[in-house]
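Shown next, in structure tokens, is the structure this report addresses.
Number of protein chains: 2
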Amino acid sequence: MASNETDLPITIDFRLRTPIAEQVRDQIRALIAEGTLRPGSQLPTVRQLAAALRINFNTVARAYRMLAAEGLISVQHGRGTFVLAPASPEASATLRREALDALAQALAEHARQMGFSEAEALAALRRAWQRQEPP
Amino acid sequence: MASNETDLPITIDFRLRTPIAEQVRDQIRALIAEGTLRPGSQLPTVRQLAAALRINFNTVARAYRMLAAEGLISVQHGRGTFVLAPASPEASATLRREALDALAQALAEHARQMGFSEAEALAALRRAWQRQEPP
DNA sequence: TGTATCATTGTATCTATGTATCATTGTACC
DNA sequence: GGTACAATGATACATAGATACAATGATACA
Chain A
9 MASNETDLPI TIDFRLRTPI AEQVRDQIRA LIAEGTLRPG SQLPTVRQLA
59 AALRINFNTV ARAYRMLAAE GLISVQHGRG TFVLAPASPE ASATLRREAL
109 DALAQALAEH ARQMGFSEAE ALAALRRAWQ RQEPP
Chain B
9 MASNETDLPI TIDFRLRTPI AEQVRDQIRA LIAEGTLRPG SQLPTVRQLA
59 AALRINFNTV ARAYRMLAAE GLISVQHGRG TFVLAPASPE ASATLRREAL
109 DALAQALAEH ARQMGFSEAE ALAALRRAWQ RQEPP
């Protein structure tokens, strides 16, 4: 289920305060952490993903560079961008925790920005969790 | 019929008691309400409007932020400022709830895919919330 | 087999636009 | 007059987009 013209479920929201480069980075990190993006696989080119998200390709390039700095991907001039294998099982576990924390942080910030309480945010997460229990 | 170098009929009066940031805010709000500024259209940049009114661009930025807080416009760092579609109080409440649910849904799906339990996801959200309590 | 050319892909740099922070001003109140 | 506070301005910063550049690989052809 893609959320854009690439095969990746990535969406951005210009209305959020979080910079869109960070929105892209956080979602790709989560996709790597959860295994949707596997080691060795190629990411969309900066221009492909940018076109799909209707943003400038430099913004995607910045997201890729941040992920490269984290050691998650390898960006290769003239060739493309590829997912790296985790250095160790511990690194993999750390990545999952960091990916989760980043998403939780984003949810917390936006929920607060929209005026919701912590209890309301938690309730929304519980509802979302239950909603996907059945399938 | 513009009252300055932009195409917008906005004027300010330094002699009035009301702060000029509020004068700007009020006139833009009226232009949106009457339909002169339509949803999706881009407002002048803070520097453009400031130059036209011969005031500091920070003052325009403050007016824009106030309107953003009212939910009338969307100010986007590095991109510009845009008029939002009007929404009744009920509709905007629904949109707000849906935005929260969408974020919660994304978090739930990624967290589950990464192998976390509901309790772990909730704990991450609580941590994130506490982490931003200070400011 | 070498190389010229071209398309593809990421990089560097500059511009445009909003943000954050501190200084200045001016006005109200004592 | 002096002081406190709100409003405005000045300046440095952060984010996103535009455009020119550089590296890689595929293809054609000598």
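Chains A and B supply the protein sequences, listed in that same order. If you use our numbering, the first sequence corresponds to residues 9 to 143, in order. If you use our numbering, the second sequence corresponds to residues 9 to 143, in order. Quick reminder that beta carbons are idealized off the backbone N, C-alpha and C, glycines included. A quick note: this is a predicted structure, and the numbers were derived from the prediction, not measured.
Per DSSP, what kind of secondary structure is Thr67/B in: helix, strand or coil? Here Thr67/B sits in helix by DSSP.
Contacts that Leu130/B makes with chain A (C-beta to C-beta distance below 8 angstroms): Leu130, Leu133, Arg134
Enclosing beta strand (DSSP E) for Thr89/B [first to last residue]: 88-91
Partner residues on chain B for Arg104/A, Cβ-Cβ distance less than 8 angstroms: Among the residues of chain B, those whose CB is under 8 angstroms from the CB of Arg104/A are Met122, Gly123, Phe124, following chain order.
Could you tell me whether any Cβ in chain A is nearer than 8 angstroms to the Cβ of Arg46/B? Chain A contact via Cβ: absent.
In angstroms, rounded to a whole number, what distance separates the CA positions of Ala129/A and Asn12/B? So the alpha carbons of these two residues sit roughly 45 angstroms apart.
Pick from Ala127/A, Leu16/A, Ala107/A, Val32/A: whose alpha carbon is nearest that of Tyr72/A? Val32/A
Nearest by alpha-carbon distance to Leu39/B: which of Phe65/B, Leu61/B, Asn64/B, Ile81/B is it? Ile81/B
Within the chosen definition, does the region 93-105 of chain A reach the region 59-75 of chain A through at least 3 CB pairs nearer than 8 angstroms? When Cβ pairs closer than 8 angstroms are counted between the two stretches, the region 93-105 of chain A is seen not to touch the region 59-75 of chain A, the count staying below three.
Does Pro22/B pass the burial test, meaning 16 or more other C-beta atoms within 10 Å, or should it be called exposed? Sequence check: residue 22/B is Phe here, not Pro. Exposed, since its Cβ has fewer than 16 Cβ neighbours within 10 Å.
If Leu16/B sits next to Pro52/B, beta carbons under 8 angstroms apart, how far is it from one beta carbon to the other, in whole angstroms? Sure, about 7 angstroms apart at Cβ, within 8 angstroms.
Pick helix, strand or coil for Ser100/A, following the three-state DSSP scheme. helix
Residues in the region 105-120 of chain B having any Cβ partner in chain A nearer than 9 angstroms: Against chain A - using a Cβ distance shorter than 9 angstroms - the residues of the region 105-120 of chain B are Arg105, Ala107, Leu108, Asp109, Ala110, Leu111, Ala112, Gln113, Ala114, Leu115, Ala116, Glu117, His118, Ala119, Arg120.
If we define contact as Cβ-Cβ less than 8 angstroms, is Gln140/B a contact residue for chain A? Closer than 8 angstroms: yes.
So what does DSSP say about Ile81/A, is it helix, strand or coil? Strand.
Check the DSSP bridge columns for Leu50/B and list the partner residues they point to. The residue asked about is misnamed: residue 50/B is Gln in this sequence, not Leu. Gln50/B is bridged to Phe90/B.
Beta carbon proximity, Arg70/B to chain A, threshold 8 angstroms: no
Inter-residue spacing [alpha-carbon to alpha-carbon] between His85/A and Gln84/B: 30 angstroms
In whole angstroms, what separates the C-alpha of Leu133/B from that of Thr44/B? 42 angstroms
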